[in-house]
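A.B. asks: Pasting a structure here, questions to come.
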Amino acid sequence: MPPSADLIVENASILTMDPDTPRAEAIAIKGGEIIAIADRATVLEHKGPGTRVIDAERGSVVPGFIEAHMHLFAGAAELDHLQLMGVHGFEALCDAVRNYAAKRPDLSVLQAQGADYTILSATERVSRHHLDRILPDRPFVMAAPDHHTMWANTKALELAGLLRGKRLGPGNEIVMGDDGLASGELREGEAFGPLIALAGEEHVRLGLATGGEPDPKPTPSEQASDRAIMRRGLEWCAKHGITSIQNMDGNLHQLELLSEIEAEGGLLCRVQVPFHYKNFMTLDMLDKASDMAERYNGEWLSSGMVKVFYDGVLDSWTAVMVEPYADRPDWLGEPLFTPQQFIDLAVAVDRRGLQMAVHSIGDGAVRAVLDGYEAAQKQNGRRDSRHRVEHIEVVTAADIPRFAKLGVIASMQPPHPPGSMGLPLEPTVSRIGPARWPLSYAWRTLKNAGARIVFASDWPVSPIDPILGIQAAVLRKPWAESDPDQSFSLHESLAGYTVEGAYAEFMEHRKGRLRTGFMADLVVLSADIEATAPEALHTARPMTTICGGKITYQA
């Protein structure tokens, strides 16, 4: 007798992502693993008296989405903030902020997310004076979608001690006005960190801001509050069909919170949390990264990665370029590490057998990071390191073949190109300049050159929904007719959120595909995505998310 399944999903259009058995009608799960995936009659042989059966109603069933680049803790906290995506013009901004403020009279600091750089107009940059006109008496801050720029009103700047400026490290800036006071625009985390602290959310940003731990140690009530935030983020992920998370900021505090949630039986997704190495650290601090990797190495909770920022973003001129910005011909951007500092770091991380993931948006940053990985191979010997370059919004032709040559993963985000998912073209396309457009967000070019491409959202920078990301990749259009087509097919895009995510995590033998013996991580969708027009893909919604054989979300 075939073993009885805990759970069967039938009447499905299953896309296994397994080349040996690309399609199936039903799937049986027992003990957190797939025990059968085949036609309906074969799978139903595993139905026992205690088996739960889910009717997929001919919707697609796909491997659970693997979110390969996101910020879980900060994203979860921001779910309660004012969301400004799609808001344009001073009057619309004024209405949104005042309505939000009226409903939250007790908040010490009002925070908003998703404010386009062109939220006022294509030419007028936000200042504290604009925000003072909206809300003069309560501290108010709002962040750009990329989370690399914030704007604050005068009240917030005064309370945070930023109104008269502050000395900052490389790549960070408090933009000063002609009156000798802060204009209200703050570029990069060191500049706006005091505003986050003012709002009482410094714990959620520590993994990004310092890579360190809360000091003093959280009280039991603070720990419970942080745990509740993290739970909210996990629920949000499960609702969107996500079963695995590769977090891109990290510290021990996040791992401990997730471990406590796991002990309570509430870990809805598998989570990898890196050690975040900052440019003020010394190489001996990598001992902590090795310790985190040793302590957390399970299939539900793991570490083993070192995350680094090499540069900033294009819109605030903080990304590092090989040639000057098209709209700022005297400026290349300022790296957060010197090339030699980064080479020394890459060699040290690689020598420990750890994986490395580096935020590199400008083509100058991408080149410097590839140089570091190449130096690590020469000094330590080649191994299956699967080091990663995160974002790669601009790359040079000379550096494209180096990804495949060095075995480096290109981690890219379909929601990020200007013009995608409602993002404005400006100011980004003018920063880049037409000469570099053909090698901007160049997924197809990199893939054709043999690079492994993994997709993600970078939530909360972009909406978390993997289906929206898949749609963005399929519908991608060039900015100019002469630019190459960088779009992906439906199956390539789906692989970017499943197969390639598993590969990036060294887990391709256990997840990313639906195959007998693999983890029972899958999502049941409301429609057959292969039969859905690309323009309508966003209408296919997760109906049931299953992680480790357990239902983590059901519509």
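Taking UniProt numbering, the leading residue of the sequence shown gets 1, the next gets one more, and so forth. Idealized CB from N, CA, C, for every residue including glycine.
Can you give the Cα-Cα distance for Ala326 and Gly200, rounded to whole angstroms?
C.D. replies: What you label residue 326 is simply residue 326 of the sequence shown in a count that begins at 1. What you label residue 200 is simply residue 200 of the sequence shown in a count that begins at 1. Going from the Cα of Ala326 to the Cα of Gly200 covers about 39 Å.
A.B. asks: Going by beta carbon distance, what residues of the same chain come within less than 8 Å of Leu370, once the five residues before and after it are set aside?
C.D. replies: To locate residue 370, count along the sequence shown from 1; it is residue 370. Taken in chain order, the residues that qualify are Val389, Asp399, Arg402, Phe403, Leu406 and Val408.
A.B. asks: Which whole-angstrom value describes the C-beta separation of Gly304 and Leu345, a residue pair presumed to lie in contact below a C-beta threshold of 8 Å?
C.D. replies: By 1-based counting over the sequence shown, the position of residue 304 is 304. By 1-based counting over the sequence shown, the position of residue 345 is 345. Contact flag wrong, Cβ pair sits at about 17 Å.
A.B. asks: Do the region 412–424 and the region 24–43 meet, that is, are 3 or more Cβ pairs less than 8 Å apart?
C.D. replies: no
A.B. asks: Is it true that the region 211–229 meets the region 360–377, where meeting means three or more beta-carbon pairs spaced less than 8 Å apart?
C.D. replies: no
A.B. asks: Using 8 Å as the cut-off, can you tell me whether the region 113–123 makes contact with the region 135–147, which would need three or more C-beta pairs spanning the two stretches below that distance?
C.D. replies: yes
A.B. asks: I need the straight-line Cα distance from Ala536 to Ala368, nearest angstrom please.
C.D. replies: For the purposes of this step, residue 536 is taken as the residue at position 536 of the sequence shown. For the purposes of this step, residue 368 is taken as the residue at position 368 of the sequence shown. In a straight line, the C-alpha of Ala536 is about 40 Å away from that of Ala368.
A.B. asks: For Lys103, which residues in the same chain have their Cβ closer than 7 Å to its Cβ, ignoring the five residues on either side in sequence?
C.D. replies: Taking the first residue of the sequence shown as 1, we reach residue 103 at position 103. Cβ within range, chain order: n/a, list empty.
A.B. asks: Taking the C-alpha atoms as reference points, what is the distance between Phe275 and Arg58?
C.D. replies: Counting from 1 along the sequence shown, the entry for residue 275 is found at position 275. Counting from 1 along the sequence shown, the entry for residue 58 is found at position 58. C-alpha separation (whole angstroms): 42 Å.
A.B. asks: Excluding the five sequence neighbours on either side, which residues of its own chain have a C-beta within less than 8 Å of the C-beta of Ala238, listed in chain order?
C.D. replies: Walking along the sequence shown from the start, residue 238 turns up at place 238. Around Ala238: Leu268, Cys269, Thr545, Cys547, Thr552 and Tyr553.
A.B. asks: Whose C-beta lies closer than 8 Å to the C-beta of Val499 among residues of the same chain, with five residues either side of it excluded?
C.D. replies: Locating residue 499 in the sequence shown gives position 499, counting from the first residue. Here the set comprises Met17, Pro63, Glu508, Gly512 and Arg513.
A.B. asks: Could you tell me whether the Cβ atoms of Arg352 and Leu286 are closer together than 8 Å?
C.D. replies: Stepping through the sequence shown from its first residue, residue 352 is reached at position 352. Stepping through the sequence shown from its first residue, residue 286 is reached at position 286. In this structure, Leu286 lies closer than 8 Å to Arg352 by Cβ.
A.B. asks: Looking only at its chain, what residues have a beta carbon closer than 6 Å to the beta carbon of Ser290, apart from the 5 residues adjacent to it on each side?
C.D. replies: On the sequence shown, position 290 is the one that residue 290 refers to. Taken in chain order, the residues that qualify are Arg352.
A.B. asks: Among Leu468, Thr118 and Ile37, which residue has its Cα nearest to the Cα of Leu425?
C.D. replies: Working through the sequence shown from its first residue, we reach residue 425 at position 425. Nearest C-alpha to Leu425: Thr118.
A.B. asks: What are the boundary residues of the alpha helix (DSSP H) that includes Met70?
C.D. replies: The sequence position of residue 70 within the sequence shown is 70, counting from 1. No alpha helix (DSSP H) contains Met70, which is instead part of the beta strand (DSSP E) from Phe65 to Met70.
A.B. asks: At which residue ranges does the region 492–540 contain complete beta strand (DSSP E) runs of 3 or more residues, listed in the order of the chain?
C.D. replies: 522–525
A.B. asks: Short of 7 Å in beta carbon distance, which residues of its chain neighbour Ala520, apart from the five on each side in sequence? Order them along the chain.
C.D. replies: The sequence position of residue 520 within the sequence shown is 520, counting from 1. Excluding residues within five positions, the ones whose Cβ falls inside 7 Å are Ile29, Gly32, Glu33, Ile34, Ile546, Gly548 and Gly549.
A.B. asks: Whose C-alpha, out of Arg40, Ala24, Pro49 and Arg23, is nearest the C-alpha of residue 592?
C.D. replies: The structure shown does not extend to residue 592, since the chain is modelled only from 1 to 555, so the question has no answer here.
A.B. asks: Quick check: His240 and Pro460, are their CB atoms within less than 8 Å of each other?
C.D. replies: Residue numbering aside, residue 240 sits at position 240 when the sequence shown is read from its first letter. Residue numbering aside, residue 460 sits at position 460 when the sequence shown is read from its first letter. Cβ atoms of His240 and Pro460: not closer than 8 Å.
A.B. asks: Quick check on Leu475 - is its C-beta less than 8 Å from some C-beta in chain B?
C.D. replies: Absent from the structure: chain B. Only one protein chain is present.
A.B. asks: Taking Ala365 as the reference, give the member of Asn380, Trp317 and Arg328 with the closest Cα.
C.D. replies: Position 365 of the sequence shown, counted from the start, is the residue given in the question as residue 365. Ranked by how close their Cα comes to the Cα of Ala365, the residues Asn380, Trp317 and Arg328 have Trp317 in first place.
A.B. asks: Tell me which same chain residues have a C-beta within less than 6 Å of the C-beta of Ile134, skipping the five on either side of it?
C.D. replies: One-based indexing of the sequence shown puts residue 134 at position 134. Excluding positions up to five away in sequence, the list reads Cys94 and Val97.
A.B. asks: Between which residues of its own chain and Val204 is the CB-CB distance below 7 Å, once the five residues before and five after are set aside?
C.D. replies: Sequence index remark: in the sequence shown, residue 204 carries index 204 (1-based). Contacts found: Phe73, Ala74, Ala77 and Ile229.
A.B. asks: If I measure Cβ to Cβ from Pro438 and keep anything under 7 Å in the same chain, skipping five residues before and after, which residues do I get?
C.D. replies: By 1-based counting over the sequence shown, the position of residue 438 is 438. Here the set comprises Asp483 and Pro484.
A.B. asks: Mapping the DSSP letters down to three states, classify Ala36 as helix, strand or coil.
C.D. replies: Looking up residue 36 in the sequence shown gives position 36. Ala36 falls in the strand class under three-state DSSP.
A.B. asks: For the candidate residues Gln340, Ala472 and Thr445, whose alpha-carbon lies nearest to that of Ser457?
C.D. replies: Numbered from 1 along the sequence shown, position 457 holds the residue referred to as residue 457. Minimum Cα distance to Ser457 is reached at Ala472.
A.B. asks: Curious, which full-length beta strand (DSSP E) runs of at least 3 residues does the region 66–118 contain?
C.D. replies: 110–113
A.B. asks: What does the Cβ neighbour count give for Gly312, buried or exposed, with the cut at 16 atoms within 10 Å?
C.D. replies: In the sequence shown, counting from the first residue as 1, residue 312 sits at position 312. Flag for Gly312 reads buried.
A.B. asks: Who are the near neighbours of Thr154 in its chain, counting only those whose CB is closer than 6 Å to its CB and skipping five residues on each side?
C.D. replies: Sequence index remark: in the sequence shown, residue 154 carries index 154 (1-based). Hits under 6 Å: Arg128 and Asp132.
A.B. asks: Distance, Cα to Cα, Val349 vs Phe342?
C.D. replies: Here residue 349 refers to the residue found at position 349 when the sequence shown is read from its first residue. Here residue 342 refers to the residue found at position 342 when the sequence shown is read from its first residue. Distance between the alpha carbons of Val349 and Phe342: 10 Å.
A.B. asks: Which runs of the beta strand (DSSP E) at least 3 residues long sit entirely within the region 244–326? Give them in chain order.
C.D. replies: 270–272 and 305–309
A.B. asks: Determine which residues share a DSSP beta bridge with Leu7 and list them.
C.D. replies: Residue mapping note: residue 7 aligns to position 7 of the sequence shown, counting from 1. Answer by DSSP bridge pairing, in chain order: Ile29 and Arg52.
A.B. asks: So, helix, strand or coil for Glu173, using DSSP?
C.D. replies: Residue mapping note: residue 173 aligns to position 173 of the sequence shown, counting from 1. Of the three classes helix, strand and coil, the one that applies to Glu173 here is strand, per DSSP.
A.B. asks: Helix, strand or coil for Thr445? Go by DSSP, reduced to three states.
C.D. replies: For the purposes of this step, residue 445 is taken as the residue at position 445 of the sequence shown. Here Thr445 sits in helix by DSSP.
A.B. asks: Are Met281 and Leu255 close, meaning C-beta to C-beta below 8 Å?
C.D. replies: As a first step, residue 281 is located in the sequence shown; it is residue number 281 there, counting from the start. As a first step, residue 255 is located in the sequence shown; it is residue number 255 there, counting from the start. Not closer than 8 Å, so no.
A.B. asks: Would you give the residue range spanned by the alpha helix (DSSP H) that Ala451 belongs to?
C.D. replies: Counting from one through the sequence shown, the residue named residue 451 turns up at place 451. From DSSP, Ala451 is part of no alpha helix (DSSP H); its letter is neither H nor E.
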